[in-house]
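A short worksheet on the structure shown next.
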Amino acid sequence: MPTFFDSTADAAEASEALRGLTHASRGFDQPAEMYGVIGDLSSGMRSLRQALDQIADVHERKAAHAFNDAGSHEAGVRDALATAEELRQAASLVDRAYDRLAEGFIAAGRIAWHPEPAVEEAAPSRWVSVVFLQGEEADRPLRILGELGHVDAVDFLAQWDYGDETTQAALENGYVYDEPGEGTNDRVALSGDYALVVNPHVGYVSLLRRYTEPEAETQAAEQIEPEPVQGGPELLVSHSSPGAPERADLPAPKRDGSWFEPAKITAVKQARGLVR
Numbered sequence: 001m002p003t004f005f006d007s008t009a010d011a012a013e014a015s016e017a018l019r020g021l022t023h024a025s026r027g028f029d030q031p032a033e034m035y036g037v038i039g040d041l042s043s044g045m046r047s048l049r050q051a052l053d054q055i056a057d058v059h060e061r062k063a064a065h066a067f068n069d070a071g072s073h074e075a076g077v078r079d080a081l082a083t084a085e086e087l088r089q090a091a092s093l094v095d096r097a098y099d100r101l102a103e104g105f106i107a108a109g110r111i112a113w114h115p116e117p118a119v120e121e122a123a124p125s126r127w128v129s130v131v132f133l134q135g136e137e138a139d140r141p142l143r144i145l146g147e148l149g150h151v152d153a154v155d156f157l158a159q160w161d162y163g164d165e166t167t168q169a170a171l172e173n174g175y176v177y178d179e180p181g182e183g184t185n186d187r188v189a190l191s192g193d194y195a196l197v198v199n200p201h202v203g204y205v206s207l208l209r210r211y212t213e214p215e216a217e218t219q220a221a222e223q224i225e226p227e228p229v230q231g232g233p234e235l236l237v238s239h240s241s242p243g244a245p246e247r248a249d250l251p252a253p254k255r256d257g258s259w260f261e262p263a264k265i266t267a268v269k270q271a272r273g274l275v276r
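Residue numbers (UniProt numbering): 1 to 276.
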């Protein structure tokens with residue numbers, strides 16, 4: 001049986017190893033290496049659960065030796081039993097976390113990492129006119145633009161956007177553009193799928209919305225194959241302007257190469273050639 005000194009040294013060594021893993025896992029040059037690390041974490045978590053249970057047992061068995069700093073045996077026993085209870089609660093939570101980690105390990109085993117990221121071909125888009133205001137009609141959105149910024153100005157003008165109805169009207173009347181702000185002195189500010197176009201010399205303001213033709217969108221979607229990559233963050237749009245529109249559990253443990261491994265994890269490892 002390990003001595004107290006040996007157990008303390010082992011705990012310190014495990015803590016140091018986890019700190020090293022935390023540092024190393026900040027970046028993996030080879031994503032495939034993460035699979036083995038998840039397996040090691042799974043093993044370590046199961047061992048942690050067992051260690052918590054064993055330490056709780058010791059607090060209960062040795063309660064007769066427990067005193068507090070003032071020499072009260074009753075208080076010492078109470079704290080020893082409270083410690084054991086909290087450790088068992090922690091062990092239960094670790095057990096639940098282990099189940100989730102095991103499922104993650106199985107999912108990671110299905111990933112085939114490619115050296116190059118997937119190249120997604122974006123569907124071509126154009127811009128349809130939502131509203132065009134000039135002269136006195138443009139005074140209010142221009143004032144909002146100057147006082148609150150372009151996002152709030154877009155929110156105000158978006159009340160003229162009726163979705164498909166607006167799109168159809170723009171298509172029928174030819175108010176469709178390859179790029180927003182094609183005039184010489186046009187200034188353009190983007191907010192989500194909207195483009196605010198202002199021309200201070202002529203004194204007009206207009207709002208356009210990005211439009212993707214349905215056929216082009218369908219063709220682009222068919223060309224994109226799912227790959228293990230994630231797209232960029234979505235643009236956020238404020239709607240704070242006055243008058244803006246509303247907008248199964250794992251199998252039981254099995255004694256194999258590792259006593260704690262569920263059958264599903266062992267099967268994945270065998271399929272990967274990690275165990276025989």
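Glycine is no exception: its CB is placed at the ideal position from the N, C-alpha and C atoms.
- [ ] Tell me where the alpha helix (DSSP H) around residue 46 begins and ends.
- [x] Where residue 46 is concerned, the enclosing alpha helix (DSSP H) stretches over 33-61.
TODO: For residue 204, name the three-state secondary structure that DSSP assigns.
DONE: It is a strand residue.
Task: Rounded separation between residue 67 and residue 107 - CA only - done: Straight through space, the alpha carbons of residue 107 and residue 67 are spaced by roughly 49 Å.
Open item on the list: Rounded to whole angstroms, what is the Cα-Cα separation between residue 101 and residue 48?
Closed with: One alpha carbon belongs to residue 101, the other to residue 48, and they sit about 14 Å apart.
Task: Beta carbon of residue 91 nearer than 8 Å to that of residue 57 - done: No, they are not a contact pair.
Open item on the list: What residue range does the alpha helix (DSSP H) around residue 110 cover?
Closed with: Element bounds for residue 110: n/a, residue is neither H nor E.
Open item on the list: My output table needs one value for residue 173: the three-state DSSP class, helix, strand or coil.
Closed with: Residue 173 falls in the helix class under three-state DSSP.
TODO: Measure the C-alpha to C-alpha separation of residue 150 and residue 118 and round it to an integer number of angstroms.
DONE: Within the model, the alpha-carbon separation for residue 150 versus residue 118 is close to 34 Å.
Open item on the list: Any contact between the stretch 64-78 and the stretch 124-132? By contact I mean 3 or more CB pairs, one from each, below 8 Å.
Closed with: By the C-beta criterion, the stretch 64-78 is judged not to be in contact with the stretch 124-132, since fewer than 3 inter-stretch pairs fall below 8 Å.
Open item on the list: Counting C-beta neighbours from all protein chains within 10 Å, is the total for residue 31 16 or more, i.e. buried, or is it exposed?
Closed with: A residue is called buried once 16 or more other Cβ atoms fall within 10 Å of its Cβ, and residue 31, having fewer, is exposed.
TODO: Report, in whole angstroms, the separation of the C-beta atoms of residue 209 and residue 127, which I expect to be a contact under 8 Å.
DONE: Yes, residue 209 and residue 127 are in contact; Cβ-Cβ is about 7 Å, under 8 Å.
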